[in-house]
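Mapping to numbering that gives the first Met the number 0: the sequence shown position 117 is 116, numbers consecutive.
No residue lacks a Cβ here, since even glycine has one placed at the ideal position from N, Cα and C.
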Amino acid sequence: MPDLTTGRYYLRAPAPEDVADITEACQSPGFTRWTRLTPDYTLENAQKFIKRDDPLRPSWMALDAVTGRVGGWVGLFLDAHDDAQAEIGYWVAPWAQRRGVATESGAAVVRYAFAELGIYRLQLVHAAPHAASCAVARRLGFPLEGVLRGAWFKLGDRQDVELHARLATDPDPS
Ligand SMILES: CC(C)(COP(=O)(O)OP(=O)(O)OC[C@H]1O[C@@H](n2cnc3c(N)ncnc32)[C@H](O)[C@@H]1OP(=O)(O)O)[C@@H](O)C(=O)NCCC(=O)NCCS
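Structure representation (structure tokens):
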């Protein structure tokens with residue numbers, strides 16, 4: 000996948016120099032609460048993550064264009080049975096949150112998916128009470144399509160999941 004630029008962030012494939020930042024971010028309470036990661040995330044998990052080479056799961060680290068530090072991650076999960084469909088996921092490190100990293104770097108990946116990968120339908124899901132991720136979805140132009148009841152199971156807790164999607168023909172809010 001090519002590198003992408005957004006103005007404030009530079010997006011490139013995960014690399015060995017990202018391992019410490021990825022580990023620190025993925026061990027933080029917000030990640031344990033809202034992603035599938037568990038509190039026992041280790042440096043070895045991050046090392047394995049950066050070596051992942053799956054053509055169906057292209058992803059980018061969003062680096063601060065000034066400091067070069069990892070701000071977040073955006074990934075696509077391409078549908079193995081329908082090359083016009085994919086899902087998008089993201090996280091932003093605690094030290095970079097609430098500065099538009101998810102919105103700005105997410106928008107760059109969404110544009111790339113529609114323009115270069117031929118995606119027609121891009122989905123986004125989040126645990127229903129996760130207001131911040133819902134706000135990111137709306138900012139990226141993904142309207143809510145429905146609720147998947149009881150689809151989220153994490154650390155003994157089962158919750159609803161909200162499903163958003165954007166079509167290639169929908170307006171680009173950015
Ligand atoms: C959710 C997350 C990706 C947001 O990233 P971010 O870069 O801080 O988000 P942005 O700065 O682009 O903000 C986008 C919108 O979310 C809102 N938002 C961000 N963090 C918020 C929070 N903690 N509470 C409420 N709203 C929040 C912003 O106000 C903004 O909405 P607005 O445009 O209506 O003002 C980030 O908090 C995160 O990665 N959390 C931990 C991992 C995670 O939840 N991953 C996603 C799993 S679905």
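For the pair Arg165 and Tyr111, the Cα-to-Cα distance works out to about 13 angstroms.
Using a cutoff of 7 angstroms, the CB of Gly140 does not count as near ligand 1, since none of the ligand's heavy atoms is closer than that. Apart from sequence neighbours up to five positions away, the residues of its chain that approach Phe113 with a beta-carbon distance below 7 angstroms are Ala167, ordered along the chain. In this structure, Tyr89 has its beta carbon less than 7 angstroms from a heavy atom of ligand 1. In this structure the stretch 12-31 does not lie against the stretch 80-87, because fewer than three pairs of beta carbons, one per stretch, are closer than 8 angstroms.
Note on geometry: alpha-carbon atoms of Gln122 and Ser58 lie some 15 angstroms from one another. DSSP, read as helix, strand or coil, puts Leu42 in helix. Counting the other Cβ atoms within 10 Å of the Cβ of Glu115 gives fewer than 16, which makes it exposed. Phe152 is classed as exposed because its beta carbon has fewer than 16 other beta carbons within 10 Å across all chains shown. Among the bridge pairs identified by DSSP, Asp17 is matched with none. Assignment of Ala92 by DSSP, reduced to helix, strand and coil, places it in the coil class.
For Tyr111, no beta strand (DSSP E) encloses it; the enclosing alpha helix (DSSP H) starts and ends at Val100 to Glu115.
For Gly70, the uninterrupted beta strand (DSSP E) run begins and ends at Val69 to Leu77, by DSSP. Secondary structure note for Ser132: its alpha helix (DSSP H) is the uninterrupted segment Ala130 to Arg138.
With the rule of 3 Cβ pairs closer than 8 angstroms, the stretch 62-70 counts as touching the stretch 91-105. Spatial neighbours of Gly149 in its own chain (CB-CB distance under 6 angstroms, excluding positions within 5 residues in sequence) are listed in chain order as Arg157.
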